[in-house]
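Residue numbers for the sequence shown follow numbering that gives the first Met the number 0, so the first one is 0 and each next one is one higher.
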Amino acid sequence: MGHPLLLETAVPVTEFNSPELDTLVDDMLDTMRTENGVGLAAPQIGVNQRVIIFGMVENQRYPDMQPIPMTVLINPEIEQMSDEMESGWEGCLSVPGMRGLVPRHQQICYRGFDQQGKKIEREVEGFHARVLQHELDHLNGILYLQRIEDMRLFGFEQELNEWQNPS
Ligand code: NI
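In structure tokens:
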């Protein structure tokens, strides 16, 4: 946080199935695994392109959550499927050690492409929908901090774990 790229709108990918794209995706997967994250957007590693990755088998940062299939999603779009909003705790690898309570659409449909250009479309809810909204925000220069409605519900993960049970 503080790097200007995180405040910019990322550029759509125009060429699929390319060595450059494969390298970018590999770098992102490495970073996400190393940092034990559930999602990552290309601008977080300094690349201004509309590429996100996400997935979770089992994650110690989010122990109570349903698994999410490991996915590479390029040029993603989101459509909300209901007006229902849900508040949940979020963290971000670009804002290490912090968590905040963020309202998100409970149910969404997302579309995009994998790195070969194959279409992906899924209807999801809950934490899976939350992760998508968080990562898509990164491609539009928005950090989750900007979505927090009550800044009293933002703090150090370690303190919140003790006082708020943010998982
Ligand atoms: Ni993030």
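Where is the CB? At the ideal position from N, CA and C, for every residue including glycine.
Per DSSP, the unbroken alpha helix (DSSP H) holding residue 128 starts and ends at 125 to 138. 8 Å or more divides the Cβ of residue 97 from the Cβ of residue 87. At a threshold of 7 Å, residue 92 counts as near the ligand NI, since its beta carbon sits closer than that to one of the ligand's heavy atoms. When the alpha-carbon of residue 122 is set against those of 106, 134, 112, the nearest one is in 106. In the DSSP annotation of this structure, the continuous segment of the alpha helix (DSSP H) that includes residue 24 starts and ends at 18 to 34. For the pair residue 28 and residue 41, the CB atoms are not nearer than the 8 Å cut-off. At a cut-off of 7 Å, the beta-carbon of residue 2 does not count as near the ligand NI: no heavy atom of the ligand is closer than that.
Straight-line spacing of the CA atoms in residue 21 and residue 113 works out to 10 Å. In this structure residue 99 does not touch residue 39 by the C-beta definition: roughly 18 Å separates them, more than the 8 Å allowed.
A direct Cα-to-Cα measurement between residue 138 and residue 150 gives close to 23 Å. For residue 155, DSSP records a beta bridge to 97. Taking C-beta separations shorter than 8 Å and ignoring five residues to either side along the sequence, the partners of residue 7 in its chain run 42, 47, 140, following chain order.
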